[in-house]
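**Student:**
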């Protein structure tokens, strides 16, 4: 698994554990607490890519949730 895939997997895990939408700033802070130092802009790009893949959906300006409340597609693990 490369760094990008690992970061996306970590974001999916954060969203799965979250009770509501997860925004870029909070996601970046939570990733940093877990040892993944990414800029807010990098996290934002990853979240947009996850939206495009259908894994997450934006919730207005509040952040994102998992597509289908966790029932959506997930990245394959190699």
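Numbering (our numbering), first residue to last: 27 to 104.
Just so it is clear, CB atoms sit at the ideal spot from N, CA and C, and this is done for glycine as well.
Just so it is clear, the structure is predicted and the values come from calculations on it, not from any experiment.
Please classify residue 87: does DSSP put it in a helix, a strand, or coil?
**Tutor:** Residue numbering aside, residue 87 sits at position 61 when the chain shown is read from its first letter. Of the three classes helix, strand and coil, the one that applies to residue 87 here is coil, per DSSP.
**Student:** Whose C-alpha, out of 27, 89, 42, 94, is nearest the C-alpha of residue 70?
**Tutor:** Position 44 of the chain shown, counted from the start, is the residue given in the question as residue 70. Closest by alpha carbon: 89.
**Student:** Would you kindly work out how many angstroms separate the C-alpha atoms of residue 80 and residue 91, rounded to a whole number?
**Tutor:** Position 54 of the chain shown, counted from the first residue, corresponds to residue 80. Position 65 of the chain shown, counted from the first residue, corresponds to residue 91. Spanning the two alpha carbons is a distance of roughly 11 Å.
**Student:** Under 8 Å, do residue 72 and residue 34 count as touching if we go by C-beta distance?
**Tutor:** Walking along the chain shown from the start, residue 72 turns up at place 46. Walking along the chain shown from the start, residue 34 turns up at place 8. Taking 8 Å as the Cβ cut-off, residue 72 and residue 34 qualify as a contacting pair.
**Student:** Please classify residue 58 as buried or exposed, where buried requires at least 16 other C-beta atoms within 10 Å of its C-beta.
**Tutor:** Position 32 of the chain shown, counting from 1, holds the residue named residue 58. Label assigned to residue 58: exposed.
**Student:** How big is the Cα-Cα spacing for residue 37 and residue 62?
**Tutor:** The residue you call residue 37 lines up with position 11 of the chain shown. The residue you call residue 62 lines up with position 36 of the chain shown. The alpha-carbon atoms of residue 37 and residue 62 are separated by roughly 10 Å.
**Student:** With H, G and I counted as helix, E and B as strand and the rest as coil, what does DSSP make of residue 48?
**Tutor:** Position 22 of the chain shown, counting from 1, holds the residue named residue 48. The answer is strand: DSSP assigns residue 48 an E or B state.
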